[in-house]
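**Student:** Right, I'll just put the structure down here and ask away after.
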Amino acid sequence: MSSQTRVDLALIAEMIEANARVLDVGCGDGDLLELLTRTKNVDGRGIELSQDGVNASVTRGLSVIQGDADADLHDYPDNAFDYVILSQTIQATRNPRDVLMQMQRIGRRVVVSLPNFGNWRIRLQLLWSGRMPRTRSLDYNWYDTPNIHLCTVKDFVMLCEEVGLRIDDAVSVIGNRAKRVGRPGTLDNLTAETAVLLMSRKS
Amino acid sequence: MSERKELQSETGTPTGADADALRVNAVSAVAHFGLESPLTLDSGAKLSPFQIAYETYGTLNADKSNVILICHALTLDQYAASRNPVTGKAGGWWETMVGPGLPIDTDKFFVICQNVLGSCMGTTGPKDIDPATGKAYGLTFPVITIADMVRAQAMLLDRLGINDIFLVIGGSMGGMQTLQWAAAYPQRVFAAIPIATTARHSAQNIAFHEVGRQAIMADPDWRDGQYLDQGTTPAKGLAVARMAAHITYLSEAALHRKFGRKLQNREKVTYGFDADFQIESYLRHQGMSFVDRFDANSYLYITRAMDYFDLAADYEGVLANAFKNTKTRFCVVSFTSDWLFPTSDNRQIVHALNAAAANVSFVEIDTDKGHDAFLLDEPEMFATLKGFIASAATKRGLNP
Chain A
3 MSSQTRVDLA LIAEMIEANA RVLDVGCGDG DLLELLTRTK NVDGRGIELS QDGVNASVTR
63 GLSVIQGDAD ADLHDYPDNA FDYVILSQTI QATRNPRDVL MQMQRIGRRV VVSLPNFGNW
123 RIRLQLLWSG RMPRTRSLDY NWYDTPNIHL CTVKDFVMLC EEVGLRIDDA VSVIGNRAKR
183 VGRPGTLDNL TAETAVLLMS RKS
Chain B
895 MSERKELQSE TGTPTGADAD ALRVNAVSAV AHFGLESPLT LDSGAKLSPF QIAYETYGTL
955 NADKSNVILI CHALTLDQYA ASRNPVTGKA GGWWETMVGP GLPIDTDKFF VICQNVLGSC
1015 MGTTGPKDID PATGKAYGLT FPVITIADMV RAQAMLLDRL GINDIFLVIG GSMGGMQTLQ
1075 WAAAYPQRVF AAIPIATTAR HSAQNIAFHE VGRQAIMADP DWRDGQYLDQ GTTPAKGLAV
1135 ARMAAHITYL SEAALHRKFG RKLQNREKVT YGFDADFQIE SYLRHQGMSF VDRFDANSYL
1195 YITRAMDYFD LAADYEGVLA NAFKNTKTRF CVVSFTSDWL FPTSDNRQIV HALNAAAANV
1255 SFVEIDTDKG HDAFLLDEPE MFATLKGFIA SAATKRGLNP
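Residue numbers (the numbering used here), protein chains in the order written: chain A, 3 to 205; chain B, 895 to 1294.
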């Protein structure tokens, strides 16, 4: 489900305070959890859809369960974690709004990274070719993509607004370059290939 | 030691079995609990005196922090990694899991496996003599529960001066005991691996058990449970019980792969009720060989204990409450083709642990071998458990 990139992981890791309790939803082989355990001494847990990813993670000594964001977040109690992370996964969930609601319920803070469908290349591809865009990070045909709920950064910010999440920090990623933008604006919605957002509940 | 001497071959070199015992540093022992230390059962009855037969492997470290407790399944025993004296099978029933360099590494850990209460391999059960009457207990043996088994195990560990258990592990009924351990003694259990199990025995599983029990009781040689006094053995009933149960331990795919519709030593069917098919012959063999090693009344008592198991019932019906504030690290394991304790049962345990914000891993192993997969060669299970145990050992400070 997740395709965590190196840049993505490093950026997320920067946003996490040391010794925190962390849940990584869609943790893949556990790369981010291992990074966070090693560099931030976090108490980390993971959920991963693919059995191969789960088994690989547990073999590495990580606490990971087989499950998915849509079904398995409901079990956790309120405020169970300091951070709930969803890396390159929200566009593949069945009900992104519900997933986001669950994340803010069980985590004090929420970290989401997502591919930006508002990127200018994607807009141009659709405009010029008249076909569904394919990019480095979204390299699928329309009929076999797991990404069933693509959105632009602007769409996502509006959804956060709606579910009561405040954006505390945001990073726009273009290629291997990352830029801290605080809160993504119209230009970021055009230029960012990926956005990483740190959010917390509006009290 | 005398048993080991018997195993020496004529040239004086250890036989395979003996070498095996030395390899894991196997020690057999029996602990007696006299009238001063009765076991209070869930039913309210008190069992006294009683004894527990157990095996240990490996060496206890100085601060007694390297203990692994293996809980065995319904008809298994304490011989997890050493020769079973009744069947003569060398290596034990979990020789793929327990030994030097294996996931349960006997070079690193001190492993204890106890024969459960009510069983028939040395721990007190219905075939033993009731001191009050001088006769075998039979059906006068008190009905026991999984919690009673675990309480008895805890008494043995207390006796051995072992407070903290690094890891409790078990499959099937062993998984039930593992969950019971973690719920009843959370501060004593550092890590727990319940495998192919459930927190609540299902209606279907109770039904299968009832078929087995009725088969035993329908055997005229059962004699209302008094067969030992009357010199009979309900072999046919027990064999049928085992045959029915054995089917539930396998999977349709595994049966098809192993036997299909192949005929047993014949070219065509015989138009009779002989064992025409290989699967029939196999089941009959499973049934008959079981009778030689297991007591029929023990089968009644232990299946009953499993039927009564409903961990949530003791915690206002909410399974998560059984694990409230637990610090234990869990790794739940299930198998794709296990229809006796299916993944959905195991996942319920995971959901409850998540709801308790417990530290839990959950792996489902892809195999066609059914419920019995936990006893078989499953490399992916070994790899994941090795990873989990190694990481827990580091957290416990057991890796220098």
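Note that the Cβ used here is the ideal one computed from N, Cα and C, for glycine as well.
#1: Identify the continuous beta strand (DSSP E) that holds Ile87 of chain A and give its terminal residues.
#2: For a contact meaning CB atoms closer than 9 angstroms, what does Tyr78 of chain A contact in chain B?
#3: What is the rounded straight-line gap between the Cα of Gly69 of chain A and the Cα of Ala1139 of chain B?
#4: With 8 angstroms as the threshold, decide whether the Cβ of Ala82 of chain A is near any Cβ in chain B.
#5: Mind checking the stretch 146 to 169 of chain A against chain B and listing, in chain order, the residues whose C-beta falls within less than 8 angstroms of any C-beta there?
#6: Roughly how far, in whole angstroms, is the beta-carbon of Ala34 of chain A from the beta-carbon of Ser89 of chain A, given that I think they are within contact range, below 8 angstroms?
#7: For Ser52 of chain A, decide whether its Cβ has a neighbour in chain B, counting only Cβ atoms nearer than 8 angstroms.
#8: Please compile the residues from chain A whose C-beta is within a distance smaller than 8 angstroms of the C-beta of Asp1260 of chain B.
#9: Assuming Gly208 of chain A contacts Ser52 of chain A under a Cβ cut-off of 8 angstroms, what Cβ separation, rounded to an integer in Å, is found between them?
#10: When you compare each of A:Ser174, A:Phe158, A:Asn149 to Arg168 of chain A by their alpha carbons, which one comes out closest?
#11: For Tyr1079 of chain B, count the other beta carbons within 10 Å of its own beta carbon; 16 or more makes it buried, fewer makes it exposed. Which is it?
#12: In chain B, which residues lie with their C-beta within 8 angstroms of the C-beta of Thr95 of chain A?
#13: What are the start and end residues of each continuous beta strand (DSSP E) run of 3 or more residues lying completely inside the stretch 983 to 1069 of chain B, in chain order?
#14: So Leu1205 of chain B and Ala1090 of chain B are in contact, right, with Cβ under 8 angstroms, and what is the actual spacing, rounded?
#15: Considering Cα atoms alone, identify which of B:Val1227, B:Ala1133, B:Lys1221 is closest to Asn1193 of chain B.
#16: Is the Cβ of Leu199 of chain A closer than 8 angstroms to any Cβ of chain B?
#17: Would you decide whether Trp988 of chain B is buried or exposed? Buried here means 16 or more other CB atoms lie within 10 Å of its CB.
#18: Anyone know if the C-beta pair for Ile1087 of chain B and Val992 of chain B falls short of 8 angstroms?
#19: Residues of chain B with a CB under 8 angstroms from the CB of Arg110 of chain A: which are they?
#20: Report, in whole angstroms, the separation of the C-beta atoms of Phe1102 of chain B and Thr1142 of chain B, which I expect to be a contact under 8 angstroms.
#21: Under a three-way DSSP split, which group does Gly906 of chain B fall into?
#22: Strictly below 7 angstroms CB to CB, what residues from chain A border Val1105 of chain B?
#23: Our contact map puts Thr193 of chain A next to Ser139 of chain A with C-beta atoms below 8 angstroms; I'd like the distance itself, whole angstroms only.
#24: Note down, in chain order, each residue of its chain lying with its Cβ closer than 6 angstroms to the Cβ of Arg47 of chain A, except the 5 sequence neighbours on either side.
#25: I'd like the ranges of any alpha helix (DSSP H) spanning at least 4 consecutive residues and lying wholly in the stretch 908 to 984 of chain B.
#26: Can you check DSSP and say which residues form a bridge with Phe1224 of chain B?
#27: Using a Cβ cut-off of 7 angstroms, pull out every chain A residue sitting near Gly869 of chain B, in sequence order please.
#28: From A:Leu189, A:Asp54, A:Leu75, A:Ala82, pick the residue whose C-alpha is nearest to that of Val100 of chain A; which is it?
#29: I want to see whether chain B comes within less than 8 angstroms of Ile67 of chain A, judged by CB atoms only; does it?
#30: Run through the DSSP bridge pairs and tell me what Thr1142 of chain B is partnered with.
#31: Comparing alpha-carbon positions, which option in A:Val56, A:Gly63, A:Gln127, A:Pro148 lies nearest Ile92 of chain A?
#32: Alpha helix (DSSP H) containing Arg1107 of chain B: first to last residue?
#33: Against chain B, with Cβ distances strictly below 8 angstroms, would Val56 of chain A count as a contact?
#34: Which residues in chain A sit within 7 angstroms of Glu1274 of chain B, going by Cβ to Cβ distance?
#35: Give the secondary structure of Gln1074 of chain B by DSSP, where H, G and I count as helix, E and B as strand, and everything else as coil.
#36: What residues from chain A crowd round Thr1017 of chain B, counting only those whose CB sits closer than 7 angstroms?
**Tutor:** For this structure:
#1: Position 85 of the first sequence holds residue 87 of chain A. Here the beta strand (DSSP E) through Ile87 of chain A covers 83 to 89.
#2: By one-based count along the first sequence, residue 78 of chain A stands at place 76. Per Cβ cutoff of 9 angstroms: Asn1248, Ala1249, Ala1251.
#3: Taking the first residue of the first sequence as position 1, residue 69 of chain A is located at position 67. Taking the first residue of the second sequence as position 1, residue 1139 of chain B is located at position 245. Inter-residue distance for Gly69 of chain A and Ala1139 of chain B is about 31 angstroms (C-alpha atoms, whole angstroms).
#4: The residue you call residue 82 of chain A lines up with position 80 of the first sequence. With 8 angstroms as the cut-off, Ala82 of chain A counts as an interface residue toward chain B.
#5: Answer in chain order: no residues at all.
#6: Stepping through the first sequence from its first residue, residue 34 of chain A is reached at position 32. Stepping through the first sequence from its first residue, residue 89 of chain A is reached at position 87. In the sequence on display, residue 34 of chain A carries Leu and not Ala. Contact flag correct, Cβ pair sits at about 6 angstroms.
#7: Translated into positions along the first sequence, residue 52 of chain A becomes position 50. So, not an interface residue.
#8: Your numbering for residue 1260 of chain B matches position 366 in the second sequence. Listed by position along chain A, the residues whose Cβ is nearer than 8 angstroms to that of Asp1260 of chain B are Gln53.
#9: As shown, chain A starts at 3 and ends at 205. That puts residue 208 of chain A outside it, with no answer to give.
#10: As a position in the first sequence, residue 168 of chain A is number 166, starting the count at 1. If we check each option's Cα against that of Arg168 of chain A, A:Phe158 comes out closest.
#11: The count along the second sequence starts at 1 and reaches residue 1079 of chain B at position 185. Label assigned to Tyr1079 of chain B: buried.
#12: If you number the first sequence from 1, residue 95 of chain A lands on position 93. Ordered by position in chain B, no residue passes the 8 angstroms Cβ test against Thr95 of chain A, which lies about 18 angstroms from the chain.
#13: 1004 to 1008, 1059 to 1065
#14: Here residue 1205 of chain B is taken as the residue at index 311 of the second sequence, counted from 1. Here residue 1090 of chain B is taken as the residue at index 196 of the second sequence, counted from 1. The pair is not a contact, with the Cβ atoms about 16 angstroms apart (cut-off 8 angstroms).
#15: Along the second sequence, read from residue 1 onward, the residue named residue 1193 of chain B stands at position 299. In the sequence under discussion, the amino acid at residue 1193 of chain B is Tyr, which differs from the Asn named in the question. The residue with the shortest Cα to Cα distance from Tyr1193 of chain B is B:Ala1133.
#16: Sequence index remark: in the first sequence, residue 199 of chain A carries index 197 (1-based). Closer than 8 angstroms: no.
#17: To locate residue 988 of chain B, count along the second sequence from 1; it is residue 94. It is buried - the Cβ of Trp988 of chain B has at least 16 other Cβ atoms within 10 Å.
#18: Sequence index remark: in the second sequence, residue 1087 of chain B carries index 193 (1-based). Sequence index remark: in the second sequence, residue 992 of chain B carries index 98 (1-based). Not in contact: Ile1087 of chain B and Val992 of chain B (Cβ atoms no closer than 8 angstroms).
#19: For the purposes of this step, residue 110 of chain A is identified with residue 108 of the first sequence, where counting begins at 1. Under the 8 angstroms cutoff, chain B gives no residues; its nearest Cβ is about 13 angstroms from Arg110 of chain A.
#20: Here residue 1102 of chain B is taken as the residue at index 208 of the second sequence, counted from 1. Here residue 1142 of chain B is taken as the residue at index 248 of the second sequence, counted from 1. The pair is a contact, with the Cβ atoms about 6 angstroms apart (cut-off 8 angstroms).
#21: As a first step, residue 906 of chain B is located in the second sequence; it is residue number 12 there, counting from the start. Per-residue confidence for Gly906 of chain B stands at a pLDDT of 38, beneath the threshold of 50, marking its modelled position as unreliable; no derived number is given.
#22: Taking the second sequence and counting its residues from 1, the one referred to as residue 1105 of chain B is at position 211. The premise fails here: Val1105 of chain B is roughly 33 angstroms from chain A at the closest Cβ pair, so nothing lies under 7 angstroms.
#23: Position 191 of the first sequence, counted from the first residue, corresponds to residue 193 of chain A. Position 137 of the first sequence, counted from the first residue, corresponds to residue 139 of chain A. Between Ser139 of chain A and Thr193 of chain A the Cβ distance is about 14 angstroms, and since that is not below 8 angstroms, they are no contact.
#24: In the first sequence, the residue the question calls residue 47 of chain A occupies position 45. Leu25, Ser65, listed in sequence order.
#25: 910 to 917
#26: Within the second sequence, numbered from 1, the residue matching residue 1224 of chain B stands at position 330. As computed with DSSP, Phe1224 of chain B is found in a beta bridge with B:Ala1086, B:Val1254.
#27: In the structure as shown, chain B begins at 895 and stops at 1294. Residue 869 of chain B is therefore absent and cannot be evaluated.
#28: The sequence position of residue 100 of chain A within the first sequence is 98, counting from 1. The sequence shown places Asp at residue 100 of chain A, rather than the Val named in the question. It is A:Leu75.
#29: The count along the first sequence starts at 1 and reaches residue 67 of chain A at position 65. By this cut-off, Ile67 of chain A is an interface position.
#30: To locate residue 1142 of chain B, count along the second sequence from 1; it is residue 248. According to DSSP, Thr1142 of chain B bridges with nothing at all.
#31: Translated into positions along the first sequence, residue 92 of chain A becomes position 90. The residue with the shortest Cα to Cα distance from Ile92 of chain A is A:Pro148.
#32: Taking the first residue of the second sequence as 1, we reach residue 1107 of chain B at position 213. Counting along the chain, the alpha helix (DSSP H) containing Arg1107 of chain B begins and ends at 1097 to 1112.
#33: One-based indexing of the first sequence puts residue 56 of chain A at position 54. Answer yes: the Cβ-Cβ gap between Val56 of chain A and chain B drops below 8 angstroms somewhere.
#34: For this step, residue 1274 of chain B is matched to residue 380 along the second sequence. Those are Asn57, listed as they occur along chain A.
#35: As a first step, residue 1074 of chain B must be located in the second sequence, where it is residue number 180. Gln1074 of chain B: helix per DSSP, three-state reduction.
#36: Numbered from 1 along the second sequence, position 123 holds the residue referred to as residue 1017 of chain B. Those within 7 angstroms of Thr1017 of chain B in chain A number zero; the least Cβ separation is about 33 angstroms.
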